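The structure appears below as structure tokens.
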Amino acid sequence: MKNIKKYLCAIVMMVISMTAFAQEDVFSGDWLGANKEGDLKVAFTLNCDGNWQLNPYNENARCNGFMEVNMLEPGGRESLMATYEFYVESMNGNELTLSFVGGRPEVDAGISGQCKVVYKDDKLSFTGLDKGGKDAAFNGLTLVKSGSGADAIADAAADDGVPLGVKILAVVQLVLSIAVVLFIVGHMFFVWYKGARYKEVFTVEGMLNKRLAAGMPEKMTDEEITEAWKLMDEAFATWTVIEKTDDDEFRKPTKMKQIKKSVLLIDQVIGMCPTDADVIERLNSLTDVINSGEERHFDGSRKLIWLGVIVGILMYWMMGVGMMFSTLIATGLYVVASRTPQFLIDKRTLRGGGNIHNGIFAGVFGLLAGAQTVRTIYKFNDGHKEYSDDHSQHWIALAIGLVVLFVLAMMMAFWALLNYLRNYVLYF
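Taking mature numbering (1 follows the signal peptide of the UniProt record, and there is no 0), I'd label the letters of the sequence shown as residues -22 to -1, 1 to 406.
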């Protein structure tokens, strides 16, 4: 029984050793690669079993791997761009974690970082894990075994490692996002282009001509006049009471459903082609209220616009032109999306306002204003005093305020979408 246990232990240890050797063996060797633009060439030697003298530029260096990155100039001449020494940190199946430093003691000084290497289909794919790894020339490259040929190197360079299904999904998401943005922009500009709902000022003469053209009697009957007044009174009654006196009450629409309901009633009166002067005067006053209520004015935060412009410009130095334009475009969409119909402005005024950004800005400035300077007074035996001021509260408040403002600006696309839904779709 003891012999059987010994044999089993030996077999297990042998399997583990063979597995470890197999893992090392797939990574170890000479590898070649290039970038998809074709202006970088990479030569990489890796030996996971111990440290070796692989760096020709430093005889004292012992490492697991060494890489040379050459730049291919337009004339075909190669020039050495960077060198790297690699050290195995961990191995997990087909993944290898490497740390690296610059290979040439003086030229590549200061280069360091970590990367992940994945072995798949006889290829090595490099991904930076920290800032140094992401800034490295080999980040994102795929290498093939030395001797695989130029075509294999070119195919590996063109392969970004992203599965086809993921690429298709990304394209579909991009197309849908662009379609949604174009629809929103088109809808907002259509509303702007459409203008006022009632573009005509009604007159007795104009209505008389319409009645004759439609083959209707020249004058309204008393029953039609009574019906017209009834419809207009119903339309007026659907609106919100703004002010009430002993003799009269003042109403205006503050909800889209009030406008839609009153418009249906007003349109019935217009369809009757009234010729009574009093009816027409009342009709014009009602349509004027509707037009005034739907007239759009900017009701967003001007502070947020300036913040978006400033952060958008800063994005140019921090993340490049693409991020700058996306932030500025989102800011422009926010301006258009913040054009609010007057009836909705009146509704928000009645309930105490609806601009949350002003509250956020007020909170940030309140945080800064509430910070205190702590003064410590030291008294000495000889009678003199010394002061020490602690401004840490101000610096902490400033840091928190800047972070809040930056996040606020980076959410500009969200604010634009929110205002579009509030001012063009849901009207709340």
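Here a beta-carbon is modelled for each residue, glycine too, at the ideal position from N, C-alpha and C.
Fair warning: this is a prediction, and the values are worked out from it, not measured in the lab.
- Counting along the chain, Arg274 sits inside the beta strand (DSSP E) bounded by residues Arg274 to Phe276.
- The beta-carbon separation of Gln246 and Leu186, rounded to 19 Å, does not stay under the 8 Å limit for a contact.
- For Gly164, the enclosing alpha helix (DSSP H) begins and ends at Leu142 to Lys172.
- Annotation: Arg55 is outside any alpha helix (DSSP H) and is labelled neither H nor E by DSSP.
- With fewer than 16 neighbouring CB atoms inside 10 Å of its own CB, Phe161 falls in the exposed class.
- In this structure, the straight-line span from the alpha carbon of Glu364 to that of Lys357 is close to 7 Å.
- Shown here, Gly7 sits in a strand according to DSSP, grouped into three states.
- The region 56 to 74 and the region 30 to 47 touch, with three or more beta-carbon pairs separated by less than 8 Å.
- Going by beta carbons, Trp30 and Leu102 fall outside the 7 Å limit.
- A contact is defined here as three or more CB-CB pairs under 8 Å, and the region 314 to 321 meets this definition with respect to the region 276 to 283.
- Distance from the CA of Lys19 to the CA of Ile131, rounded to the nearest whole angstrom, comes to 10 Å.
- Residue burial is scored here from C-beta neighbours: Trp217 has at least 16 other C-beta atoms within 10 angstroms and is therefore classed as buried.
- Between Met302 and Gly310, the CB-CB gap reaches or exceeds 7 Å.
- Only exposed fits Met296, as fewer than 16 other CB atoms lie within 10 angstroms of its CB.
- If you ignore the 5 residues before and after Lys325, its C-beta comes within less than 7 Å of the C-beta of Thr232 and Lys233, all in its own chain and listed in chain order.
- Non-local beta-carbon contacts of Ser270 in its own chain, meaning distances under 7 Å to residues more than five positions away in sequence, involve Gln320 in chain order.
- When the five nearest sequence neighbours on each side are left out, the beta carbons in the same chain lying within less than 8 Å of the beta carbon of Thr305 are those of Gly286, Val289, Gly290, Met293, Ala387, Met388 and Met390, in order along the chain.
- Straight-line spacing of the CA atoms in Cys26 and Phe78 works out to 14 Å.
- Annotation: Ala191 is outside any beta strand (DSSP E); the continuous alpha helix (DSSP H) that includes it extends over Val182 to Ala191.
- Per DSSP, reduced to three states, the secondary structure at Tyr402 is helical.
- Of the residues assessed, Asn401 falls on the buried side of the cut-off, its CB having 16 or more other CB atoms within 10 angstroms.
- In the three-state reduction of the DSSP assignment, Val85 falls in the coil class.
- Counting only unbroken stretches of 4 or more residues, the alpha helix (DSSP H) elements lying wholly within the region 228 to 281 are 234 to 249 and 255 to 272, in sequence order.
- Lys281 has its alpha-carbon roughly 20 Å from the corresponding atom of Gly330.
- DSSP places Ser370 outside any beta strand (DSSP E); the residue lies instead in the alpha helix (DSSP H), whose first and last residues are Ser370 to Met388.
- Assignment of beta-bridge partners to Cys93 by DSSP yields Leu76 and Gly106.
- Just so you know, the alpha carbons of Ser155 and Val149 end up roughly 10 Å apart.
- Collapsing the DSSP output to three states places Lys112 in a helix.
- DSSP lists no bridge partner for Asn397.
- Judged by DSSP secondary structure, Glu15 falls outside any alpha helix (DSSP H); it is assigned neither H nor E.
- A straight line joining the alpha-carbon of Leu322 with that of Lys230 spans about 11 Å.
- Closest by C-alpha distance to Gly193, out of Val179, Thr204 and Met250, is Met250.
- By the neighbour-count criterion, in which 16 or more other beta carbons inside 10 Å mark a residue as buried, Thr23 falls on the buried side.
- Secondary structure of Met198 (DSSP, three-state): coil.
- The three-state reading of DSSP puts Tyr294 in helix, counting H, G and I together.
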